[in-house]
Amino acid sequence: MTAHSNVYPTKALQDLDAAHHWHPFSDMKSLNAEGTRIITSADGVWLRDSEGKKILDGMAGLWCVQVGHGRTEIADAVHKQMVELSYYNTFFKTTHPPAVALSEKLASLAPAHINRVFYCSSGSEANDTVFRMVRTYWDKLGKPDKKGIIGRWNGYHGSTLAGTSLGGMKAMHAQGDLPIPGVYHIDQPYWFGEGHEMDPDEFGIFTARKLEQAIDEIGEDKIAAFIAEPVQGAGGVIIPPDSYWPEIRRILKERDILFVSDEVICGFGRMGEWFGSGYYGMEPDLMPIAKGLTSGYLPMGGVMVSDRVAEGLMLAGGEFYHGYTYSGHPACAAAALANLEIIEREGLVGRVKNDIGPYLKERWLKLAGHPLVGEARMTGLLGALELVPNKTNPHKPFRDAGTAGTLCRDISFENGMVMRAVRDSMIISPPLVLTHEEADLLVKTVEKTLDDTFQVLK
Ligand code: PLP
Numbered sequence: 005m006t007a008h009s010n011v012y013p014t015k016a017l018q019d020l021d022a023a024h025h026w027h028p029f030s031d032m033k034s035l036n037a038e039g040t041r042i043i044t045s046a047d048g049v050w051l052r053d054s055e056g057k058k059i060l061d062g063m064a065g066l067w068c069v070q071v072g073h074g075r076t077e078i079a080d081a082v083h084k085q086m087v088e089l090s091y092y093n094t095f096f097k098t099t100h101p102p103a104v105a106l107s108e109k110l111a112s113l114a115p116a117h118i119n120r121v122f123y124c125s126s127g128s129e130a131n132d133t134v135f136r137m138v139r140t141y142w143d144k145l146g147k148p149d150k151k152g153i154i155g156r157w158n159g160y161h162g163s164t165l166a167g168t169s170l171g172g173m174k175a176m177h178a179q180g181d182l183p184i185p186g187v188y189h190i191d192q193p194y195w196f197g198e199g200h201e202m203d204p205d206e207f208g209i210f211t212a213r214k215l216e217q218a219i220d221e222i223g224e225d226k227i228a229a230f231i232a233e234p235v236q237g238a239g240g241v242i243i244p245p246d247s248y249w250p251e252i253r254r255i256l257k258e259r260d261i262l263f264v265s266d267e268v269i270c271g272f273g274r275m276g277e278w279f280g281s282g283y284y285g286m287e288p289d290l291m292p293i294a295k296g297l298t299s300g301y302l303p304m305g306g307v308m309v310s311d312r313v314a315e316g317l318m319l320a321g322g323e324f325y326h327g328y329t330y331s332g333h334p335a336c337a338a339a340a341l342a343n344l345e346i347i348e349r350e351g352l353v354g355r356v357k358n359d360i361g362p363y364l365k366e367r368w369l370k371l372a373g374h375p376l377v378g379e380a381r382m383t384g385l386l387g388a389l390e391l392v393p394n395k396t397n398p399h400k401p402f403r404d405a406g407t408a409g410t411l412c413r414d415i416s417f418e419n420g421m422v423m424r425a426v427r428d429s430m431i432i433s434p435p436l437v438l439t440h441e442e443a444d445l446l447v448k449t450v451e452k453t454l455d456d457t458f459q460v461l462k
């Protein structure tokens, strides 16, 4: 069987998959018993599976397909690049035109104090790069004790050793004896789940000050950096209270530590700005990027480096002993350039801010009226619904955490839409090209899915 066969024998593919394919973040026992879903093609916001079923991609793949599926323009740019120069590396003082053009483009999109990018192939690799970069920066400045990095519980920064360590997913830490020593975690600004006894803004200040407390306890002279997603994505679209980021900004201003804004989900228009840190008026020293950089057409990530960090790294010999065979890969850079060209030409960032973002948000927030929903929240094109067992006592969770969410996710798929479940929160992050009609259909499908889930749970 070839990957391009026009006929998709679902059962045969499932059996072969079960025999030979180990899936990321999948319970392999139940997956093998139930059989995988097989996606065979996609166009715009629509997926098609091996049974010919059309499915609305409410997650833009894995939060990445900003420009929608099936853009031949990106495929053509990659093809052209591959014919001209399919591969060369960027080690040992070498470059190639697509890497130069993409670096210039990214510098023009980033805030004025960020002018360089270090390339890799994923968000996880970007955060492994961050890990070594911040420690090396302080070494070069003659402060070798500044090695600690503070992340947040329930944050997600990838699944390599550094990515898992910087993230705050306890189940991930348990596999592989992580985090790496020298990584600390503070509480997340998750008002619905952990702060509802306070007013949201009071809770925002309260959780932001956990950073101040951690720095004071460990010692400012031992902390290299604080890393955070502007909005925690994989943790459940945790949108912080309005007071949170201004208080973090105050704390960071007063302390001499680096701020790393993980833009892997929030970057490239997802929040109606080029970067999520810009949405919150933050000034990061480093920005890991991936996903929306290429809209997932080819794997590429990077770390955007501020002038401050770049200058520090060039002290006492300018070599950073770090790099990947595919750093700045020419075909991936060509895909990124074509993708960014589409985002700019079609005004997708402004569209999220002024058009489809507010349009979908208005309708999404109304889902809070459903008997199964304790809270509906959305910013940019990142949305969440908190499923609750009893609406009159909404902050009391289901006894068997995650069961309702998984059920709702499966029903959503049956109803023709991908929604992700994080415990009992339902998450969406659709492509930025979603039309008003598709947004209406999305909300209608979610309504039906909530009704169907409610019936089963009753
Ligand atoms: N950082 C954030 C905020 C993410 O959401 C992710 C992936 O979801 C990563 C890093 C890791 O990216 P990748 O899966 O490309 O390694």
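The sequence shown begins at 5 in the working numbering and counts up one residue at a time.
We put the CB at the ideal spot given by N, CA and C, even for glycine.
The structure displayed is predicted, hence computed values, not measured ones.
(message) Can you confirm whether the segment 164-177 touches the segment 209-225 when touching is taken to mean that 3 or more C-beta pairs between the two stretches lie within less than 8 Å?
(response) no
(message) For Gly296 and Gly306, what's the separation of their Cα atoms in angstroms?
(response) Position 292 of the sequence shown, counted from the start, is the residue given in the question as residue 296. Position 302 of the sequence shown, counted from the start, is the residue given in the question as residue 306. Straight-line Cα distance between these residues: approximately 12 Å.
(request) Go to Gly65, then tell me how far its alpha helix (DSSP H) extends in each direction, as first and last residue. (result) Against the sequence shown, residue 65 aligns to sequence position 61. Element bounds for Gly65: 64-67.
(message) Tell me the DSSP secondary structure of Trp368 in three-state form.
(response) Reading the sequence shown from its first residue, position 364 is the one you call residue 368. Reduced to three states, the DSSP call for Trp368 is helix.
(message) At a threshold of 8 Å, does Asn131 count as lining ligand 1 (C-beta to nearest heavy atom)?
(response) Taking the sequence shown and counting its residues from 1, the one referred to as residue 131 is at position 127. For ligand 1, at least one heavy atom lies less than 8 Å from the Cβ of Asn131.
(message) Is it the case that the segment 255-267 contacts the segment 393-408, given that we only count it when at least three CB pairs across the two stretches are under 8 Å?
(response) no
(request) Please classify Thr439: is it buried, with 16 or more other beta-carbons within 10 angstroms of its beta-carbon, or exposed? (result) Your numbering for residue 439 matches position 435 in the sequence shown. Exposed is the call here.
(message) For Glu379, list the residues DSSP reports as bridge partners.
(response) As a position in the sequence shown, residue 379 is number 375, starting the count at 1. Answer is Glu390.
(message) Would the segment 114-131 count as touching the segment 342-356 if we require 3 or more Cβ pairs under 8 Å?
(response) no
(request) Would you give the residue range spanned by the alpha helix (DSSP H) that Arg312 belongs to? (result) Reading the sequence shown from its first residue, position 308 is the one you call residue 312. That run of the alpha helix (DSSP H) goes 311-317.
(request) Measure the beta-carbon distance from Leu66 to Ile42 and round it to whole angstroms, keeping in mind my assumption that it falls under 8 Å. (result) In the sequence shown, the residue the question calls residue 66 occupies position 62. In the sequence shown, the residue the question calls residue 42 occupies position 38. No, Leu66 and Ile42 are not in contact; Cβ-Cβ is about 17 Å, not under 8 Å.
(message) With a threshold of 8 Å (Cβ to nearest heavy atom), would Glu345 be considered close to ligand 1?
(response) Here the question's residue 345 lines up with position 341 in the sequence shown. The answer is no for Glu345.
(message) Which same chain residues end up closer than 7 Å to Gly48 when comparing Cβ atoms and leaving out the 5 residues on each side of it in sequence?
(response) By one-based count along the sequence shown, residue 48 stands at place 44. Correct list, in chain order: Gly72, His73, Gly74, Val437.
(message) Threshold first: 3 residues or longer. Then list the beta strand (DSSP E) segments lying entirely within the segment 386-447, N to C.
(response) 386-391, 424-426, 429-432
(request) Quick one: give me the first and last residue of the alpha helix (DSSP H) that Leu60 is part of. (result) Residue mapping note: residue 60 aligns to position 56 of the sequence shown, counting from 1. Not the alpha helix (DSSP H): Leu60 falls in the beta strand (DSSP E), residues 58-60.
(request) Look at Ile269 and Gly237 and say whether their C-beta atoms are less than 9 Å apart. (result) In the sequence shown, counting from the first residue as 1, residue 269 sits at position 265. In the sequence shown, counting from the first residue as 1, residue 237 sits at position 233. The answer is yes: Cβ separation under 9 Å.
(message) Measuring straight from C-alpha to C-alpha, what distance separates Asp143 and Val187?
(response) Within the sequence shown, residue 143 is the residue found at index 139, counting from 1. Within the sequence shown, residue 187 is the residue found at index 183, counting from 1. Approximately 17 Å between the Cα atoms of the pair.
(request) Indicate the three-state DSSP secondary structure (helix, strand or coil) for Cys270 in the structure shown. (result) Taking the sequence shown and counting its residues from 1, the one referred to as residue 270 is at position 266. Cys270: coil per DSSP, three-state reduction.
(request) Using DSSP bridges, identify the partner residues of Tyr188. (result) For this step, residue 188 is matched to residue 184 along the sequence shown. Bridge partners of Tyr188: Ile154.
(request) Give a single yes or no on whether Trp157 has its beta carbon closer than 8 Å to a heavy atom of ligand 1. (result) One-based indexing of the sequence shown puts residue 157 at position 153. No; taking the cut-off as 8 Å, the Cβ of Trp157 has no heavy atom of ligand 1 nearer than that.
(request) Measure the beta-carbon distance from Ala443 to Tyr363 and round it to whole angstroms, keeping in mind my assumption that it falls under 8 Å. (result) As a working note, residue 443 is residue 439 in the sequence shown. As a working note, residue 363 is residue 359 in the sequence shown. Ala443 to Tyr363, Cβ: 6 Å. Contact.
(message) Is Thr164 close to ligand 3? I mean its beta-carbon at under 8 Å from any heavy atom of the ligand.
(response) Absence of ligand 3 is noted for the structure shown, with ligand 1 being the only ligands found.
(message) Just to confirm my understanding: we take Leu106, look at its own chain, exclude 5 residues before and 5 after, and list those with CB closer than 6 Å. What are they?
(response) Taking the first residue of the sequence shown as position 1, residue 106 is located at position 102. Within the same chain, Leu106 has close Cβ partners Ala337, Ala340, Leu341.
(message) Here's the rule I'm using: 16 or more other beta-carbon atoms within 10 Å means buried, otherwise exposed. How should Leu256 be labelled?
(response) What you label residue 256 is simply residue 252 of the sequence shown in a count that begins at 1. Label assigned to Leu256: buried.
(message) Between the alpha carbons of Ile153 and Leu215, how many angstroms are there, rounded?
(response) To locate residue 153, count along the sequence shown from 1; it is residue 149. To locate residue 215, count along the sequence shown from 1; it is residue 211. Those two C-alpha atoms are separated by around 11 Å.
(request) Tell me whether Tyr160 counts as near ligand 1, meaning its Cβ is closer than 8 Å to at least one heavy atom of that ligand. (result) Here the question's residue 160 lines up with position 156 in the sequence shown. The answer is yes for Tyr160.
(request) For Ala175, count neighbouring Cβ atoms within 10 angstroms of its own Cβ and tell me buried if that reaches 16, exposed if not. (result) In the sequence shown, counting from the first residue as 1, residue 175 sits at position 171. Classification for Ala175: exposed.
(request) Run the proximity test for Ala425: is its beta-carbon closer than 8 Å to any non-hydrogen atom belonging to ligand 1? (result) Counting from 1 along the sequence shown, the entry for residue 425 is found at position 421. No - ligand 1 has no heavy atom lying nearer than 8 Å to the Cβ of Ala425.
(message) Using 8 Å for Cβ pairs, my map puts His200 next to His399. What's the rounded Cβ distance?
(response) Residue 200 sits at position 196 when you count from the first residue of the sequence shown. Residue 399 sits at position 395 when you count from the first residue of the sequence shown. Going by Cβ atoms, the distance from His200 to His399 rounds to 5 Å, so yes, they are a contact pair.
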